[in-house]
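Each residue of the sequence shown is one higher than the one before, counting from 1 in the working numbering.
Note that beta-carbon positions come from the ideal geometry of N, C-alpha and C, so glycine has one too.
First up is the structure itself, then whatever we jot down about it.
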Amino acid sequence: MIEELIKLLRDRELEVKKQKGTIRAVHQTLPISLVISIRDKSRSAKIAIEPEDDLQDVLADLIESGEDVEVLVDDILSEIRDIAIEVGQLLENKGYKVEWALREGENDVRDALEDILEEYEFEEEE
1 MIEELIKLLR DRELEVKKQK GTIRAVHQTL PISLVISIRD KSRSAKIAIE
51 PEDDLQDVLA DLIESGEDVE VLVDDILSEI RDIAIEVGQL LENKGYKVEW
101 ALREGENDVR DALEDILEEY EFEEEE
């Protein structure tokens, strides 16, 4: 089961790390992860989106290079959400009960984006 999930995530070009019942798949463009926690005994799983620690640094670098980070973040969150749905369907088809925790992580990513945009707007005003 876990190997099947890892293959799916790698096929979607995510960098996959596995630790005791948890798969963390990090997007290649921005450090945003799809985190899948699997509990085999209860046949349940939790799927979440989480920003990585260096997200704000990467966003700052992209802003400095002239990238439209708002569009980029929206596109990547949409892509990760689509992959999460694929993962959830695979798990449900294998008889797992899936708990969805995408919204909180998406909000955390958007908060990080907002913070860094405010910081850069403030710097431009000085």
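Where do the N-terminal and C-terminal ends of the alpha helix (DSSP H) with residue i fall, by residue?
i   : result
L59 : 55–64
K97 : First-last for K97: 97–101, but that is the beta strand (DSSP E), not the alpha helix (DSSP H).
E79 : 69–93
Do residue i and residue j have their C-beta atoms within less than 8 Å of each other?
i    : j    : result
G21  : S33  : no
L55  : V109 : yes
E50  : V35  : yes
A101 : I47  : yes
L8   : E121 : no
Please report the Cβ distance between residue i and residue j, rounded to the nearest whole angstrom; I am assuming they are in contact, meaning their Cβ atoms lie under 8 Å.
i   : j    : result
L59 : I116 : 5 Å
R12 : I83  : 5 Å
Relative to the C-alpha of residue i, which candidate in the options has its C-alpha closest?
i    : options              : result
E99  : Q19, T29, G88        : G88
P31  : V16, I6, R43         : V16
D111 : V69, I85, G95        : V69
I80  : G105, D53, E119, Q19 : G105
D40  : Y120, G95, L113      : G95
Which partner residues does residue i have in the DSSP bridge list?
i   : result
P51 : I32
A45 : I38, V98
Determine whether the Cβ of residue i lies closer than 8 Å to any Cβ atom of chain B.
i    : result
E118 : Considering every chain present, this structure includes no chain B. It has just one protein chain.
Under DSSP, the beta strand (DSSP E) around residue i begins and ends at which residues?
i    : result
R127 : Past the edges of the chain, shown from 1 to 126, lies residue 127, and the structure says nothing about it.
E15  : 15–19
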